[in-house]
Every structure is written in structure tokens, then in C-alpha cells.
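Remarks on the structure that follows.
In the numbering used here, the protein residues as written are 792 to 904.
Listed below in C-alpha cells is the structure:
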């Protein structure tokens, strides 16, 4: 079986040395960086149209001192916590719906046999 490999964006970023200024934004530079990211991380072409990607880039664009990316370990912990929270909400919702259904089928004044 083919072994999956975790991709990283670290190699796409270079440290800014004191006195060095990052290149100012341009549509051309953004297009080049976006295409490079698509290619290097094997993203589907429509990844750039994904609302989550747009939201992420909009947030990063407002950063005044660069951005801090999570490590793989931190990302894993966050994803697991989001999953657990969704499961808690689903369980609570299903429990409420189950109780409501039981009350509709067997109202409190309903007598069994």
C-alpha cells in the first residue's frame, strides 16, 4: 500500500532577517505563491476557491507581525477537540430528540396496559 506523507508549509516560508523587508503584496506574487502551494502540497485546483481557504487568507492578510502556524501536534490536538465537541453536541441533540419522541408516543398521562 502507498504510504501517506504529511505535507508541511514550513519550507515555503523564509525567515526575515533584521533589516530585510518582505516583498510588498502584489497580485502577481500572490498568484505565484498560491500556485506553488497548490503544486507542492498536491491540493486540488479548486482549493483556492474554498471558502475556508479564503477566510484563512483574509485573516492572515490582517496580521501586522507575521502569522504563527500550529505544529502538527498542536493541530492534531485541536482537530480532536473539535471532533469531541461535535460529538457532544450530536449526543445532546439526539438525546433531546429521543426524549421528545418518547413523550409524543407515550405522553405522561398515558397508561400502559
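Where a beta carbon is used, it is the ideal one built from N, C-alpha and C, also for glycine.
In the three-state DSSP reduction, residue 853 falls in the coil class, being neither helix nor strand.
Residue 883 sits in a helix when the DSSP states are folded into three classes.
Assignment of residue 842 by DSSP, reduced to helix, strand and coil, places it in the helix class. Each residue's CA atom was taken as its position, placing residue 832 and residue 854 some 23 Å apart. Going by DSSP, residue 820 is part of the alpha helix (DSSP H) stretching over 818-831. Assignment of residue 834 by DSSP, reduced to helix, strand and coil, places it in the coil class. In this structure, the beta-carbon distance from residue 829 to residue 820 does not fall below 8 Å. Rounded to whole angstroms, the gap between the alpha carbons of residue 880 and residue 886 is 10 Å.
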